[in-house]
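Numbering (this note's numbering), first residue to last: 15 to 315. Even glycine gets a Cβ: it sits at the ideal position worked out from N, Cα and C. A short write-up of the structure that comes next.
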């Protein structure tokens, strides 16, 4: 029981966002579940952080998120055979990221106000607890397993290059003059090649994706400790955990938009009642044919 109310089973995926002290929300998350073959559950999550300031980072992120997820849903809901091997899934994810890039480039060509617009992206396809990824930029994906955070992505940033060359300590990343400078991103005519990876989620509790508004304020160890405290105190509630992480980033003085998606890897909580279900979280977004407009900053799948 919870405060005298009947217990509700938490959604298996939760999204939380806050614009923080910024004037606009340029982070964007979209997610859905596709039931391929009528039974196999495939969860798709796309995490983006728009850039280009007030001139269109939010628009770029929304366009990219919609087209990335749209391409994936249409492909997986069609008559063709979905990917099977890990390499096939990684190629699938990379192709969806490239489709998102093409959509942003097309929009920039006809809208001068978006000339500097771009976005980071992390796209995850979770199949039988295997997490397949493609990404550009410094938004991240993690799994939490055995009390520790496992980072699945590798930042495309100047500071990460310095860290890789052992010229910069990870602890000094946020104070470096090049903090926030990306080496790969969405929105270029010649699309950067996305990096890809596959992680075995068996034995893991959750998948977490986030913008740098979270991981720039809270170290991986801190994130792991917050999740461990949550697990010890309330079990596992994805929505509550996501909100706690956002609140923690703002509490320590976060100066950026913060966005988090938390997906349970412990097994499906919600029954497969639809061919697909769609959820988005942003300041305002509409994806034609897939979802309805939303001005909420919290949606569940």
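Buried/exposed call for residue i, threshold 16 Cβ in 10 Å
i, result
"residue 171", "buried"
"residue 270", "buried"
"residue 187", "buried"
"residue 244", "buried"
"residue 88", "exposed"
"residue 61", "buried"
"residue 168", "exposed"
"residue 21", "Note on residue 21: pLDDT 41, under 50, position unreliable in the model; the coordinate value appears next. Classification for residue 21: exposed."
"residue 213", "buried"
"residue 26", "buried"
"residue 230", "buried"
"residue 98", "exposed"
"residue 141", "buried"
Per-residue DSSP class, three states only, for residue i
i, result
"residue 137", "strand"
"residue 271", "coil"
"residue 229", "helix"
"residue 164", "strand"
"residue 205", "coil"
"residue 54", "strand"
"residue 42", "strand"
"residue 211", "strand"
"residue 321", "Only positions 15 to 315 of the chain appear in this structure, which leaves residue 321 out of reach."
"residue 63", "strand"
Alpha-carbon to alpha-carbon, residue j and residue i
i, j, result
"residue 260", "residue 165", "18 Å"
"residue 29", "residue 157", "16 Å"
"residue 273", "residue 154", "11 Å"
"residue 181", "residue 195", "16 Å"
"residue 72", "residue 113", "18 Å"
"residue 46", "residue 202", "26 Å"
"residue 34", "residue 264", "7 Å"
"residue 251", "residue 242", "12 Å"
"residue 84", "residue 55", "17 Å"
"residue 80", "residue 58", "12 Å"
"residue 152", "residue 248", "31 Å"
"residue 190", "residue 96", "43 Å"
"residue 121", "residue 236", "39 Å"
"residue 160", "residue 239", "12 Å"
Nearest-angstrom Cβ-Cβ length linking residue i and residue j, presumed shorter than 8 Å
i, j, result
"residue 262", "residue 222", "About 13 Å; that fails the 8 Å criterion."
"residue 234", "residue 279", "Incorrect: roughly 18 Å between the Cβ atoms, too far for contact."
"residue 276", "residue 246", "That pair is no contact at about 16 Å."
"residue 78", "residue 107", "Residue 78 to residue 107, Cβ: 14 Å. No contact."
"residue 150", "residue 111", "6 Å"
"residue 205", "residue 115", "4 Å"
"residue 133", "residue 74", "5 Å"
"residue 127", "residue 215", "41 Å between Cβ atoms; not a contact."
Check whether residue i and residue j have beta carbons under 8 Å apart
i, j, result
"residue 100", "residue 48", "no"
"residue 63", "residue 225", "yes"
"residue 104", "residue 146", "yes"
"residue 228", "residue 135", "no"
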